[in-house]
């Protein structure tokens with residue numbers, strides 16, 4: 001079997017650039033021309049390495065979620081659920097307002113798509129966001145079993161609320177809210193944490 005010509009670029013480095021483009025412009029707002037300009041690759045090289053625009057977005061989203069998932073798990077694994085959730089939200093705010101990166105969240109900004117052609121992308125983003133909410137809900141369920149949350153608390157509703165805070169912070173960050181403003185908002189939101197029995 002003949003070996004293909006080796007790539008003349010680092011695929012991981014290119015994928016990081018692609019993540020930033022989709023993060024900044026969203027799925028529908030990103031053109032192949034924008035991706036080519038950001039990566040320095042021509043269209044055939046991009047397609048050969050990553051496939052279609054949708055496949056490229058999926059690769060970028062997977063890369064983004066690997067990092068976000070690690071961060072989320074790290075904080076949700078903290079011994080105290082309330083502290084862990086607060087640390088998770090504060091860390092997300094820090095990422096969403098990090099200098100040198102687009103402000104906001106790839107999953108939120110990337111999901112601002114409206115055409116029928118983007119239905120698969122929307123479904124993928126919904127699944128990722130549901131997975132995050134499930135991670136938070138599972139941690140809250142454990143906290144409830146351990147007596148950190150009252151038995152009357154609906155952990156599914158609380159998980160939805162907390163993930164909504166994170167997603168709302170992403171929208172605010174993309175709109176220009178500062179890190180300090182968003183960190184204060186997280187502190188206010190955490191006042192809604194229900195007390196134990």
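In full-length UniProt numbering, the protein residues as written are 1 to 197. Backbone N, C-alpha and C define an ideal beta-carbon position, used for all residues, glycine too. The model shown is predicted, which means the values in this text are computed figures rather than measured ones.
| Asked | Found |
| --- | --- |
| Do residue 78 and residue 69 have their beta-carbon atoms positioned less than 7 Å apart in this structure? | no |
| Along the chain, where does the alpha helix (DSSP H) that runs through residue 63 open and close? | 53-76 |
| In this structure, how does DSSP classify residue 9 when only helix, strand and coil are distinguished? | coil |
| Taking 7 Å as the threshold (C-beta atoms), are residue 18 and residue 34 in contact? | no |
| Consult DSSP for residue 146 and reduce its assignment to one of helix, strand or coil. | coil |
| Are the region 91-107 and the region 39-48 touching, with three or more C-beta to C-beta distances below 8 Å? | no |
| Is residue 66 close to chain D, meaning its C-beta is less than 7 Å from at least one C-beta of that chain? | Of the protein chains in the structure, only one exists, and it is not chain D. |
| Just curious, the alpha helix (DSSP H) that residue 39 is in, first and last residue? | 32-39 |
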